[in-house]
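Protein sequence lines correspond, in order, to chains A and B.
If you want our numbering, it's the 1-based position in the first sequence plus 37.
If you want our numbering, it's the 1-based position in the second sequence plus 37.
Don't be surprised by glycine CBs; every beta carbon is placed ideally from N, CA and C.
Beneath this line is the structure, given in structure tokens, with notes to follow.
There are 2 protein chains.
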Amino acid sequence: MKQLPLIACCTPLANELSDQHAGELESLFGALADKNRVKIVSMLLNAGSEACCVCDLEPELGISQPTVSYHLKRLTDVGLLEREKRGTYAYYRLAPKALQRVRALFA
Amino acid sequence: MKQLPLIACCTPLANELSDQHAGELESLFGALADKNRVKIVSMLLNAGSEACCVCDLEPELGISQPTVSYHLKRLTDVGLLEREKRGTYAYYRLAPKALQRVRALFA
DNA sequence: GTTATATATCGACAGCTGTCGATATAGTTC
DNA sequence: GAACTATATCGACAGCTGTCGATATATAAC
Numbered sequence: 038m039k040q041l042p043l044i045a046c047c048t049p050l051a052n053e054l055s056d057q058h059a060g061e062l063e064s065l066f067g068a069l070a071d072k073n074r075v076k077i078v079s080m081l082l083n084a085g086s087e088a089c090c091v092c093d094l095e096p097e098l099g100i101s102q103p104t105v106s107y108h109l110k111r112l113t114d115v116g117l118l119e120r121e122k123r124g125t126y127a128y129y130r131l132a133p134k135a136l137q138r139v140r141a142l143f144a
Numbered sequence: 038m039k040q041l042p043l044i045a046c047c048t049p050l051a052n053e054l055s056d057q058h059a060g061e062l063e064s065l066f067g068a069l070a071d072k073n074r075v076k077i078v079s080m081l082l083n084a085g086s087e088a089c090c091v092c093d094l095e096p097e098l099g100i101s102q103p104t105v106s107y108h109l110k111r112l113t114d115v116g117l118l119e120r121e122k123r124g125t126y127a128y129y130r131l132a133p134k135a136l137q138r139v140r141a142l143f144a
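Listed below in structure tokens is the structure:
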């Protein structure tokens with residue numbers, strides 16, 4: 038680069054995200070980067086404060102039970118969902134803090 | 038399932054997201070599901086209305102130039118970034134509508 | 001304790017993703 | 001035109017992801 042044709046190039050870019058913070062966001066967005074997981078979050082949003090069990094979700098999603106459990110685990114691992122066991126059933130709900138956290142990213 | 042132990046199971050879940058809408062969100066979140074792409078978006082946010090060229094981003098990210106171009110393409114393909122060519126340089130900025138769109142998801 | 005059931009985990013597999021070096025493309029400078 | 005430079009594309013490769021059937025685990029019902 039000998040000369041800058043129109044506007045300055047290579048201006049310093051301040052406030053770069055730390056590797057750690059960037060990695061956390063990668064995990065969070067990665068958890069949402071699947072159509073079935075987006076549907077799960079949407080269904081739990083519509084369910085309000087009610088929790089849903091795996092058997093609620095399976096017929097709506099049209100995928101096998103192990104795969105539903107896999108997606109629920111992905112969402113739970115990043116803190117978006119909370120799990121509560123009742124008898125043989127497992128009930129999932131949106132973690133209240135999770136939505137605030139995501140919302141804060143774009144405030 | 039013979040009886041419901043504590044709360045009703047298999048209640049109808051209304052308003053499921055359409056396959057198409059879920060797929061769009063999958064693409065959008067997938068574009069953000071990478072630490073280097075998160076950093077790029079963050080840098081462009083900090084840059085405000087100023088656009089950045091590839092040579093701005095490469096040293097900050099510490100990855101090769103082809104890989105930076107790959108990530109910029111991923112973000113541009115989903116409409117998060119806009120590209121403007123000036124001379125041999127390519128300048129990228131956040132698409133104004135994109136942030137509104139993401140924000141609206143969590144309003 | 002035996003049977004039934006809801007969920008989680010395992011093993012395997014195809015497909016996608018991030019990365020790089022090498023190369024192509026397009027615009028600038030001489 | 002020839003040389004240079006900023007960016008994009010290509011080919012390849014390791015690693016991750018979503019999916020399934022089979023199986024394990026845990027609780028409930030009898």
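- Within chain A, the residues placing a beta-carbon under 7 Å from that of Glu63 of chain B are Ala70, Asp71, Lys72 and Val75, ordered along the chain.
- Between Tyr128 of chain B and Cys92 of chain B, the CB-CB gap reaches or exceeds 8 Å.
- Per DSSP, the beta-bridge partners of Glu119 of chain A are A:Arg130.
- Residue-level contact by beta carbon fails for Ala132 of chain B and chain A, as no gap is shorter than 8 Å.
- Taking all protein chains in view, the Cβ of Glu63 of chain B is crowded by 16 or more other Cβ atoms within 10 Å, so the residue is classified as buried.
- Here Ala141 of chain A is exposed. Its C-beta has fewer than 16 other C-beta atoms within 10 Å.
- For Gly67 of chain B, the enclosing alpha helix (DSSP H) has its first and last residue at Asp56 to Leu69.
- Using a Cβ-Cβ distance cut-off of 8 Å, the stretch 56-71 of chain A and the stretch 60-75 of chain B are in contact, since at least three pairs of beta carbons, one from each stretch, lie closer than that value.
- Taking a beta-carbon distance threshold of 8 Å, Gly60 of chain B counts as an interface residue toward chain A.
- With fewer than 16 other Cβ atoms from the protein chains shown falling within 10 Å of its own Cβ, Leu82 of chain B counts as exposed.
- Comparing alpha-carbon positions, the option among B:Gly99, B:Gln137 and B:Ser106 lying closest to Leu117 of chain B turns out to be B:Gln137.
- Lys110 of chain B counts as exposed, since fewer than 16 other beta carbons sit within 10 angstroms of its beta carbon.
- Contact check for Val105 of chain A against Leu94 of chain A passes: the beta carbons are separated by less than 8 Å.
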